[in-house]
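To start, the structure under review is shown below, and the notes come after it.
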DNA sequence: ATGTGTGAAATTGTTCACAGCC
DNA sequence: GGCTGTGAACAATTTCACACAT
């Protein structure tokens, strides 16, 4: 397993979603062409992306839906349980906590945190919202794999630091801010930040999405005219 | 203006956000190095990204925050008013409608739609939620630039088709589905789809984000170790 | 002296053509 | 015959070095 483009991982997630859909429709076989069309990429791309991780098809036949699905689940690490805390239980945090499909694949919310006294103490999905100050103690007692950050932008860096100090290995950042992998000192700036080694950050930023959309509506020529697919 | 990487547009949005933050802190000058550090990219990258659109700095001096900000606002098309409808006013749609910062830059929500009779008729942000069936009539009467899609996955394609039929030029898709730029026939499959010419789709998919995060936590070596920056 | 702007080099990612296997 | 898997060709993007402006 050498050097895999990050875009390939995004596409793998898409292929998996398509396979799940095919499975609910009792479709048992597919092909790189079929997947390509549904994912809006080229069939070359599908085969190359899969080839990074193994040989999952049968030449002349294509792919068996349940097998390829199982293999992608394994590759993406979704056959394992993931313990998740959400920091920031405003409207967005609540929407995330309740979003259907998030509880598939053994993503389990084990702790919910906020600083707003009106929210702390509320019960959401059988969990009592705790004060963010208790994050460190909580994570010491309960292993947590990832934290979702749904706090206002000005709180995001500190909340991220708290998560990383607590030993969380990955952050899904919904705040429109670039998280600095540096030790945040109170009032001050930064330092190399050793606790950030091996911490992964993924951003989900819908404000950025709407601004990109504005740009591409005004400059339609620049958008990789998402029309062509297959071979 | 020739051939600009889509990643460059994402970074431009980030630079703009940083400039706004600097402005609130009354910082009047910055440099490619400073921006690079804050955006977690290389200073080369900052200069190259900006160079796609013009010469905004002064050699030896750097950039003037308000000027560069103004120019990026212009480049991204954010000095113009954008009329937005949201289709799907469940928890996620409501969180989006109420998210602070979305109303900056003249993004204006002009219509909210849902199919759930418990939601239709509610008032959200001074707008009465309408039934999705009324989308076509509404857009005929009120010009709409973009639609946000926050419906369940199985409704996304139809809702996207309705938006495009109504003449909407861009879709911000929150559903975990690949929108097919093809005419969706009732019960049937597809056709080339001419109304999709010049329609831009941006995806904001947090379920995909959490799956990518799972992968990168298990394979930390593959993530472009987001530690190094500048030159 | 300093920091931008940019052509050229290096690297990364995608497309292709076809060998290999059902 | 059909469709996967993959090394090689190609294209896109990023990195770099340095000329140029202040």
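Chains as they are written, first to last, in full-length UniProt numbering: chain A, 1 to 231; chain B, 1 to 231. We treat Cβ as the ideally placed atom computed from N, Cα and C, and that holds for glycine.
Query: Neighbour-count burial assignment, residue 44 of chain A, 16 or more Cβ in a 10 Å radius; Result: exposed
Query: CB of residue 151 of chain A within 7 angstroms of CB of residue 77 of chain A, strictly; Result: no
Query: Inter-residue Cα distance where the pair is residue 85 of chain B and residue 184 of chain B; Result: 21 angstroms
Query: Nearest-angstrom Cβ-Cβ length linking residue 132 of chain B and residue 97 of chain B, presumed shorter than 8 angstroms; Result: The Cβ separation is near 15 angstroms, so there is no contact.
Query: Neighbourhood of residue 143 of chain B by C-beta distance below 8 angstroms, restricted to the same chain and skipping five residues each side; Result: 83
Query: Residue 4 of chain B at chain A interface by Cβ criterion, 7 angstroms; Result: yes
Query: Residue 84 of chain A - partner residues in DSSP beta bridges; Result: A:109, A:146
Query: Cβ pair residue 95 of chain B, residue 92 of chain A closer than 7 angstroms; Result: yes
Query: N-terminal and C-terminal residue of the alpha helix (DSSP H) that residue 23 of chain B is part of; Result: 6-24
Query: Helix, strand or coil at residue 229 of chain A [DSSP, three-state]; Result: Note on residue 229 of chain A: pLDDT 38, under 50, position unreliable in the model; the coordinate value appears next. Reduced to three states, the DSSP call for residue 229 of chain A is coil.
Query: Meets three-Cβ-pair contact criterion under 8 angstroms: the region 43-61 of chain A and the region 96-110 of chain A; Result: no
Query: Neighbour flag for residue 52 of chain A against chain B, beta carbons, 7 angstroms; Result: no
Query: C-alpha gap between residue 213 of chain A and residue 169 of chain B, whole angstroms; Result: 9 angstroms
Query: Rounded Cβ spacing between residue 53 of chain B and residue 75 of chain B (contact assumed at less than 8 angstroms); Result: 5 angstroms
Query: CB contact below 7 angstroms: residue 200 of chain A versus chain B; Result: yes
Query: Contacting residues, own chain, Cβ-Cβ under 8 angstroms from residue 29 of chain B (five flanking each side not counted); Result: 61, 62, 63, 64, 65
Query: Residues sharing a beta bridge with residue 127 of chain A, DSSP; Result: A:124
Query: Own chain, CB closer than 6 angstroms to residue 205 of chain B, minus 5 neighbours either side, in chain order; Result: 176
Query: Which of helix, strand or coil DSSP assigns to residue 221 of chain B; Result: helix
Query: Proximity of residue 139 of chain B and residue 164 of chain B at Cβ, strictly below 7 angstroms; Result: no
Query: Nearest candidate by alpha-carbon position, reference residue 146 of chain B, set B:121, B:119, B:127, B:111; Result: B:111
Query: Members of the region 62-91 of chain A that neighbour chain B once the beta carbon cut-off is set at 7 angstroms; Result: 76, 77, 78, 82, 91
Query: Residue 109 of chain B to residue 155 of chain B span [Cα, whole Å]; Result: 21 angstroms
Query: Reduced DSSP secondary structure (H/G/I, E/B, other) of residue 205 of chain B; Result: coil
Query: Own chain, CB closer than 7 angstroms to residue 4 of chain B, minus 5 neighbours either side, in chain order; Result: 52
Query: Partners in chain A for residue 98 of chain B, counting only beta-carbon separations shorter than 8 angstroms; Result: 91
Query: Residue 170 of chain B in three-state terms, based on DSSP; Result: strand
Query: Reference residue 182 of chain B; option with closest CA among B:22, B:162, B:125; Result: B:162
Query: Simplified DSSP assignment, three categories, for residue 59 of chain A; Result: coil
Query: Any chain B beta carbon closer than 7 angstroms to residue 218 of chain A; Result: yes
Query: Selected residue, minimal CA-CA separation from residue 118 of chain B, among B:24, B:90, B:134, B:171; Result: B:90
Query: Inter-residue Cα distance where the pair is residue 10 of chain A and residue 37 of chain B; Result: 26 angstroms
Query: Cα-Cα separation between residue 172 of chain A and residue 218 of chain B, rounded to whole angstroms; Result: 15 angstroms
Query: Burial state of residue 221 of chain A (16 or more Cβ within 10 Å); Result: exposed
Query: Identity of the residue in A:72, A:103, A:210 nearest residue 12 of chain A by Cα; Result: A:72
Query: Spatial distance of residue 137 of chain B from residue 128 of chain B (CA atoms); Result: 15 angstroms
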